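Chemist: Let me give you the structure first, and then I'll get to my questions.
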Amino acid sequence: MPDINLTLNGQAVSGTVENRTLLVDFLREGLGKTGTHVGCDTGQCGACVVHVDGVSVKSCNVFAVELDGSKVTTIEGMANADGSLGVIQQAFQDHHGLQCGFCTPGMVMTAAALLKENSDPSEAEIREYLDGNICRCTGYHNIVKSIQAAAAEMNASPVAAE
Amino acid sequence: MPKDSGIGASSKRREDVRFLTGKGKYTADISVKDQTFAAFARSSVAHGRINSIDIAAAEAMPGVLAVLTGEDFAEVGGNPAGWLITSRDGEPMKEPKRSPLAIGKVRHVGDAYAAVIAETAAQARDAVEALDADIEELDAIVDMSEAIENSDNLVHDEIGTNLCYDWGWIEDNKAAVDAAFESAPHVTSLELVNNRLSPNAMEPRVSIGDYDASTGDYTLHTTSQNPHVTRLLIGAFVMGIPENKLTVIAPDVGGGFGSKIYHYGEEAVVLAASKKINRPVKWVCDRSEAFVTDAHGRDHVTKIELATDKEGNFLAVRTETQANMGAYLSNFATVTPTFLHGTLMAGPYKTPHVYVNVKAVFTNTVPVDAYRGAGRPEATYSLERVIDKCARELGIDQLEIRRKNFIQPDQFPYTTPVALVYDTGDYDATLDKVAEIGDLAGFAARREASEAKGKLRGLGISTWIEACGIAPSALVGQLGARVGLFDAATVRVNATGSLAVMTGAHSHGQGHETVFAQVVAEKLGIAEEQIEIVHGDTSKIPFGMGSYGSRSLAVCGSAIVRATEKIIAKATKIAAHMMEADAADVVFENGNFTVAGTDKSKSFGDVALCAYVPHNFPHEELEPGLEESAFYDPANFTYPAGAYACEVEVDPDTGEVDVVGFAAADDFGNVINPMVVNGQVHGGVGQGIGQALMECVVHDGNGQPLTGSYMDYAMPRANDVPSYVVDHSCQTPCTHNPLGVKGCGEAGAIGSPPAVVNAVIDALQSGGINVTHVDMPVSPSRVWNAIQAAK
Ligand code: FES
Ligand code: FES
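Chains as they are written, first to last, in this note's numbering: chain A, 12 to 173; chain B, 2 to 792.
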């Protein structure tokens, strides 16, 4: 079984995986990072979204072995250094962008990817970008609002957006 | 000024911090030392006879620890129906036994007939593939009418019929209802389908069974909305485990919408397997498995008739419904189409005569049970659709026909002809409000703008009511419920004045940890941060019935208030003792106990400390400590109501429907946290739009599900729904619970589907296309076909 080394949320981690081990299973079972969720088995729901080398990826759709040497960021790596909520996370709390919280890690990671690509998205652009993320609780209204608020906050104080 | 804490404040949710940082603890996140994994062998045919199951090859696979089949459960009880329904002829419903693993026959695709336990999940799955089951395929029973007529082919041979019950409500009123139809100047009738839905909480079900041979204790971690109910079902009915030997823990749960109320066979299997191999056993459901095992919702076929005079005054309503039970009776399947549906068929209207008939039918499909709204969406849809059709036939405005039939504010309490007693309401107020927030005055201009783009624009109205906050145990007991429907809370004040509240209600997205704390903070005049809400673990919480039916705040919230009142009563005695005053002279205000007319005062924290440092207590009169419990059984259901307005644009060339506006004006009585209430409505409306336009579980003629993943089952995504305009400022507080609250969880899913479909019909009619009905989901192809047929 292959050994892999990668950087997870800024820290070097390693492990031994089967060839068939999915990234999400390596994160959850191998590394005990259970913030990344599994909501489906067809790559449709987005509960598992993480960033690999700065790009959002459905971690149920890649094998862990493929990621040897990569930088992976998960929801556990999204808070500020002092542990307080990051801008996007804080916007989700302020605007009630989550209910059961199960889709939330994927939503936050997807929102972060969107705002990196497009710092001032319209409502339509946000809804379009969330195409790969399903939420059953919120009806999306407050998720959209949260992302708009996060964008506004980041644009008002670019340092915080970092 | 909006408040910033306590009742009425939009307090930010404390639970969000752990969910937003990946620190939530859902059942799948829990690893128990030495755990093993279960995988299930599931039927690939809808109906089949199990001739044999050869487990030898599977047992020999790497890592396999045990293989269980139905025979392992032959001696234990079955998973019971929670509600006994009596048929019109006085006979009790038919209630076939439901074993955790199928015995003798498999009855739907996905029906589990064996389980493999192995060291890893992958090994367990691999071994399932190695099982050699000889299952002889039988003709599948899929269509409800055929199921009723065809008594040669039975889902359950031992009951001799596919008809579970034939229920009439209220049977004694039938003759009067029929007579009203005979003499009615106008009758509108409509046949419609309430489409089968898959609940799709985003967290799939997970169960971990852990048997401790040294103590004989079982622990079950499971995705449940009601851990005590699950414990009762497993302990008392299915496995015969004394409740003191079984702990059920439902930690963070990722949504339920009804689907996690029920006890499922997998829970019994992981417990039994854990005992057998003396190690913990974990099972994590796949989404594909969830589609064929989580109880589905709805699936009614209904004929509804509305009798009116020429002016549109309602004279009578009559319905005939076939309700699909699926292959087995899930725990609350039998009550959903009856007492949660038939009793709502009066709606918010003063229709004098109503009769409802429901035939519940077994088919070779996944079991059907309560899903967000449970029966009330079905009732509301039938009623609001037929009213819309009637208004069109009589040429009456859709708001007007509702207004002239509303029960008036001075008529409460109002007894309906289907036996509910509405306590309060003001249906004109919410209809006025939705006209305002939905800017109905501006609709004509918006329609013109749409038409200029080649689109047809429609406005759909629905005015809904529900009976929720279920419910008075005495009433539901008379009606056949086999459970009580109270709830419970324990308030434990710590020595330093902070406190923990243990609740029977379970939070799986509703925000109880925040909202319940707001209630207690308000009552005790202390900060919300000093209050901890504990839920989900039967070893910690009092016996409550859990969360469903929009009941958490109305029922458990009331228990919390009662327990808090007991705390205040006892603390008042302690304060009186401390201040050497008569308890009758001590008043509690803003967190302080004061002797009236003096400057003597003690804070809540001082009194709490004294309760636990009772150095000079008069022990005959006053016990140390400060902890109280209350069990609250409501006097009645609560009756939230509201008015919804939906605007759609229909592309007449493609049949595509776009929801371009949605306004919801609800009366939930008093509101504790407006932000949370808005979120509940958003979510419910989103699910309702999903039902109306997109979602449907489809089986082919052989009972094969065609919608087994998110590739085929159309879940609403962000782009499929609009921004919603919601309001809950119309408030007629509930008269019989201490908070005056009514419940808001299901509202959106109840009121929205008819508003959407009415809007589609309105759009088509506005283009001169005479379509009077399109069944849900109102997909582009259905709309397009309806347009072609009308040409
Ligand atoms: S779990 Fe990865 S998309 Fe659903
Ligand atoms: S918050 Fe529950 S699925 Fe999105």
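For each residue, glycine too, the CB sits at the ideal point set by N, CA and C.
Since the structure is predicted, the reported quantities are computational estimates derived from the model, not experimental observations.
For Gly313/B, does the count of other Cβ atoms within 10 angstroms reach 16, so buried, or fall short, so exposed?
Modeler: With 16 or more Cβ atoms within 10 Å of its Cβ, Gly313/B is classed as buried.
Chemist: Provide the residue span of the alpha helix (DSSP H) that contains Cys611/B, from first to last.
Modeler: Run containing Cys611/B: Phe605 to Tyr613, per the alpha helix (DSSP H) assignment.
Chemist: With burial defined as no fewer than 16 other Cβ atoms inside 10 Å of the residue's Cβ, what is the status of Val68/A: buried or exposed?
Modeler: Buried: at least 16 other Cβ atoms inside 10 Å.
Chemist: Measure the CB-CB distance between Ala141/B and Asn703/B and report whether it falls below 8 angstroms.
Modeler: Yes. Within cutoff.
Chemist: Please list, in chain order, the residues of the region 11–24 of chain B that have any C-beta partner in chain A closer than 9 angstroms.
Modeler: Within the region 11–24 of chain B, the qualifying residues are Ser11, Lys13, Arg14, Glu16, Asp17, Val18, Arg19, Phe20, Leu21, Thr22, Gly23 and Lys24.
Chemist: Could you check if Val614/B is buried or exposed, using at least 16 other CB atoms within 10 Å of its CB as the buried criterion?
Modeler: By the 10 Å Cβ count, Val614/B comes out exposed.
Chemist: Kindly give me the distance between the Cβ atoms of Val758/B and Val772/B, rounded to whole angstroms, as I take these residues to be in contact under 8 angstroms.
Modeler: Contact flag wrong, Cβ pair sits at about 11 angstroms.
Chemist: Does the CB of His683/B have a neighbour CB from chain A at under 8 angstroms?
Modeler: Taking Cβ atoms only, chain A reaches closer than 8 angstroms to His683/B, which makes this a yes.
Chemist: Please identify, using Cβ separations under 8 angstroms, the residues of the region 489–511 of chain B that lie next to chain A, in order along the chain.
Modeler: Going along the region 489–511 of chain B in chain order, one finds His509, Gly510 and Gln511 with a Cβ nearer than 8 angstroms to chain A.
Chemist: Is Ser780/B helix, strand or coil when you go by DSSP?
Modeler: Three-state DSSP puts Ser780/B in coil, outside helix and strand.
Chemist: Out of Thr248/B, Asp167/B and Ala482/B, which one is the CA nearest neighbour of Asn332/B?
Modeler: Comparing Cα positions, the closest option is Ala482/B.
Chemist: From the DSSP output, which residues share a beta bridge with Pro635/B?
Modeler: Partner(s): none; Pro635/B has no beta bridge.
Chemist: Return the residues of the region 196–215 of chain B that lie within a Cβ-Cβ distance of less than 9 angstroms from chain A, sorted by chain order.
Modeler: Residues Pro200, Asn201, Ala202, Met203, Glu204 and Pro205.
Chemist: Throw me the rounded Cβ distance for the Asp667/B and Val686/B pair, which I believe falls under 8 angstroms.
Modeler: The Cβ separation is near 10 angstroms, so there is no contact.
Chemist: Quick one: which unbroken beta strand (DSSP E) runs of 3-plus residues sit fully inside the region 305–354 of chain B? Chain order, please.
Modeler: As far as the region 305–354 of chain B is concerned, its whole beta strand (DSSP E) runs of at least 3 residues are 315–327.
Chemist: Could I get the ranges of all uninterrupted beta strand (DSSP E) runs contained in the region 119–172 of chain B, with 3 residues as the minimum, in chain order?
Modeler: List check, beta strand (DSSP E) in window: 133–138 and 164–170.
Chemist: So, does the CB of Gly680/B fall closer than 8 angstroms to a CB anywhere in chain A?
Modeler: It does: the Cβ of Gly680/B has a partner Cβ on chain A nearer than 8 angstroms.
Chemist: By the DSSP assignment, the beta strand (DSSP E) with Met503/B in it spans what residues?
Modeler: First-last of the beta strand (DSSP E) with Met503/B: Leu500 to Thr504.
Chemist: Counting only beta-carbon separations shorter than 8 angstroms, does Cys146/A have a partner in chain B?
Modeler: Closer than 8 angstroms: yes.
Chemist: Work out the CA separation of Ala597/B and Asp583/B for me, nearest whole Å.
Modeler: Cα to Cα, Asp583/B sits roughly 10 angstroms from Ala597/B.
Chemist: Given this structure, state the Cα-to-Cα distance separating Leu17/A from Glu40/A, to the nearest angstrom.
Modeler: Whole-angstrom Cα-Cα distance: 16 angstroms.
Chemist: Determine the chain A residues that contact Asn720/B at a beta-carbon separation under 9 angstroms, and present them in chain order.
Modeler: Near Asn720/B (Cβ distances below 9 angstroms), the residues of chain A are Ala135, Arg138, Glu139, Leu141, Asp142 and Tyr151.
Chemist: Assuming Ile305/B and Val419/B form a contact by the criterion Cβ under 8 angstroms, report the distance between their Cβ atoms to the nearest whole angstrom.
Modeler: So it is not a contact: roughly 14 angstroms between Cβ atoms.
Chemist: How would you call His620/B, buried or exposed, if buried means at least 16 neighbouring beta carbons within 10 angstroms?
Modeler: Exposed: under 16 other Cβ atoms inside 10 Å.
Chemist: Quick check on Pro739/B: does DSSP put it in helix, strand or coil?
Modeler: Pro739/B: coil per DSSP, three-state reduction.
Chemist: May I ask you to check if the CB of Arg373/B is nearer than 7 angstroms to at least one heavy atom of ligand 2?
Modeler: Flag unset: Cβ of Arg373/B not near ligand 2.
Chemist: Roughly how many angstroms lie between the CA atoms of Tyr166/B and Leu191/B, to the nearest whole one?
Modeler: Cα-Cα distance, rounded: 23 angstroms.
Chemist: Skipping 5 residues on each side, what residues in its chain have a beta carbon closer than 7 angstroms to that of Ala522/B?
Modeler: The answer, listed in chain order, is Ser6, Gly7, Ala528, Glu529 and Ile532.
Chemist: Assuming Val535/B contacts Val502/B (C-beta within less than 8 angstroms), just tell me the rounded distance between them.
Modeler: Rounded, the Cβ-Cβ distance is 7 angstroms, consistent with contact.
Chemist: Using three-state DSSP, classify Ile466/B as helix, strand or coil.
Modeler: Here Ile466/B sits in strand by DSSP.
Chemist: At least one CB of chain B closer than 8 angstroms to the CB of Val98/A: is that the case?
Modeler: Taking Cβ atoms only, chain B never reaches closer than 8 angstroms to Val98/A, which makes this a no.
Chemist: Just to confirm, is the Cβ distance from Glu648/B to Gly459/B under 8 angstroms?
Modeler: Cβ distance < 8 angstroms, so Glu648/B and Gly459/B count as in contact.
Chemist: Can you check whether the C-beta of Asp253/B is within less than 8 angstroms of a C-beta belonging to chain A?
Modeler: Taking Cβ atoms only, chain A reaches closer than 8 angstroms to Asp253/B, which makes this a yes.
Chemist: Could you check if Ser753/B is buried or exposed, using at least 16 other CB atoms within 10 Å of its CB as the buried criterion?
Modeler: Flag for Ser753/B reads buried.
Chemist: Kindly indicate which three-state DSSP category Val775/B falls into: helix, strand or coil?
Modeler: Val775/B: coil per DSSP, three-state reduction.
Chemist: Would you kindly report the start and end of the unbroken beta strand (DSSP E) that includes Thr223/B?
Modeler: Run containing Thr223/B: Asp218 to Thr223, per the beta strand (DSSP E) assignment.
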